[in-house]
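To keep things clear, I will list the structure first and then write my remarks on it.
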Amino acid sequence: DTGVSQDPRHKITKRGQNVTFRCDPISEHNRLYWYRQTLGQGPEFLTYFQNEAQLEKSRLLSDRFSAERPKGSFSTLEIQRTEQGDSAMYLCASSRGRGEAFFGQGTRLTVV
Amino acid sequence: GESVGLHLPTLSVQEGDNSIINCAYSNSASDYFIWYKQESGKGPQFIIDIRSNMDKRQGQRVTVLLNKTVKHLSLQIAATQPGDSAVYFCAENPRGGQAGTALIFGKGTTLSVSS
Chain A
170 DTGVSQDPRH
180 KITKRGQNVT
190 FRCDPISEHN
200 RLYWYRQTLG
210 QGPEFLTYFQ
220 NEAQLEKSRL
230 LSDRFSAERP
240 KGSFSTLEIQ
250 RTEQGDSAMY
260 LCASSRGRGE
270 AFFGQGTRLT
280 VV
Chain B
2 GESVGLHLPT
12 LSVQEGDNSI
22 INCAYSNSAS
32 DYFIWYKQES
42 GKGPQFIIDI
52 RSNMDKRQGQ
62 RVTVLLNKTV
72 KHLSLQIAAT
82 QPGDSAVYFC
92 AENPRGGQAG
102 TALIFGKGTT
112 LSVSS
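Below, the structure is given as structure tokens:
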């Protein structure tokens, strides 16, 4: 499979715990994006990387959220001290420059 | 704030009909647009894109029309099939916008195709 891969597909965690998600983009894509999607809404932009540089962060990305792309390949999104409002689908996408962005299947987070 | 929106939250059509899904955008600096299809429990799937130097682009059974004068985007699906049932999002790519050059999505239109 040469598409965008996300792991895990589902995560259930207790409020206050930390969680980390991983995204493996399409190999030749230099841009990687993180989005959050809640039921009935379109994906909301969180942050994006060009190679290993994090170029933009949304105001949605509070201090509890951090994303990395250490070698310009895979990326991780960590949420510290999770809250029930963090429950959502977290989507990763990649693109070659400003071209079409391809999405992974997402990680569904449920905070109980 | 500037955002991409869709005119109708739901659209119901009969199999074989043509479907038209509309989208209005507000950022005149946007120069790239994409339509995505999202099935339940899956990530958005790329359908077709268009750049602002074009007003029409055709794919297989799909056509995207861009009217920059009124900031309107539409997706036409020919001979709609039950497998086309999904939520459709338009997304814009503003240059220098709040989100840099990341795509900004609207809320989506749910297309239901009955046979």
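Residue numbers (the working numbering), protein chains in the order written: chain A, 170 to 281; chain B, 2 to 116. Quick reminder that beta carbons are idealized off the backbone N, C-alpha and C, glycines included.
Between the options, which has its C-alpha nearest residue i's C-alpha?
i	options	result
residue 112 of chain B	B:86, B:62, B:59, B:50	B:86
residue 23 of chain B	B:107, B:114, B:115, B:116	B:107
residue 81 of chain B	B:71, B:63, B:94, B:39	B:63
residue 95 of chain B	B:32, B:52, B:77, B:71	B:32
residue 69 of chain B	B:115, B:40, B:28, B:18	B:28
residue 39 of chain B	B:88, B:105, B:93, B:114	B:88
Does the Cβ-Cβ distance between residue i and residue j come in under 7 Å?
i	j	result
residue 251 of chain A	residue 186 of chain A	yes
residue 191 of chain A	residue 245 of chain A	yes
residue 272 of chain A	residue 260 of chain A	yes
residue 175 of chain A	residue 276 of chain A	yes
residue 269 of chain A	residue 47 of chain B	yes
residue 233 of chain A	residue 249 of chain A	yes
residue 44 of chain B	residue 274 of chain A	yes
residue 180 of chain A	residue 281 of chain A	no
residue 214 of chain A	residue 227 of chain A	yes
Under 6 Å: does the beta carbon of residue i sit that close to some heavy atom of the ligand FAD?
i	result
residue 202 of chain A	Inclusion of the ligand FAD in the displayed structure is not the case, the ligand content being empty and no account of it being possible.
For my contact list, residue i and residue j are in at a C-beta cut-off of 8 Å; report their separation, rounded to the angstrom.
i	j	result
residue 91 of chain B	residue 74 of chain B	5 Å
residue 247 of chain A	residue 235 of chain A	5 Å
residue 103 of chain B	residue 217 of chain A	5 Å
residue 194 of chain A	residue 221 of chain A	Wrong, their Cβ atoms sit about 12 Å apart, outside the cutoff.
residue 263 of chain A	residue 198 of chain A	4 Å
residue 116 of chain B	residue 83 of chain B	6 Å
residue 133 of chain B	residue 76 of chain B	Nothing about residue 133 of chain B can be read from this structure; chain B reaches only from 2 to 116.
**Prompt:** Hey, which unbroken runs of the beta strand (DSSP E) at 3 residues or more fall wholly within the stretch 198–242 of chain A?
**Reply:** 200–206, 213–219, 222–226, 234–237
**Asked** Taking the runs of the beta strand (DSSP E) that are 3 residues or longer, which of them lie wholly in the stretch 10–79 of chain B?
**Response** Listed in chain order, the complete beta strand (DSSP E) runs (minimum 3 residues) inside the stretch 10–79 of chain B are 11–15, 20–26, 31–39, 46–52, 57–59, 63–68, 73–78.
**Prompt:** Of the residues that make up the stretch 43–60 of chain B, which ones have a beta carbon closer than 8 Å to any beta carbon in chain A?
**Reply:** With the criterion set as a beta carbon lying under 8 Å from some beta carbon of chain A, the members of the stretch 43–60 of chain B are 43, 44, 45, 46, 47, 50, in sequence order.
**Request:** Note down, one range per segment and in chain order, each beta strand (DSSP E) of at least 3 residues found wholly within the stretch 238–268 of chain A.
**Result:** Within the stretch 238–268 of chain A, the runs of beta strand (DSSP E) at least 3 residues long that lie entirely inside it are, in chain order, 244–248, 257–264.
**Prompt:** Between the stretch 78–98 of chain B and chain A, which residues of the former have a C-beta closer than 7 Å to a C-beta of the latter?
**Reply:** 90, 94
**Message:** For the stretch 6–20 of chain B, list every residue whose C-beta sits within 7 Å of some C-beta in chain A, in sequence order.
**Reply:** none
**Prompt:** Which of the residues in the stretch 218–229 of chain A, read from start to end, lie with their CB under 7 Å from any CB of chain B?
**Reply:** 224, 225, 227
**Message:** Please identify, using Cβ separations under 7 Å, the residues of the stretch 251–269 of chain A that lie next to chain B, in order along the chain.
**Reply:** 260, 267, 269
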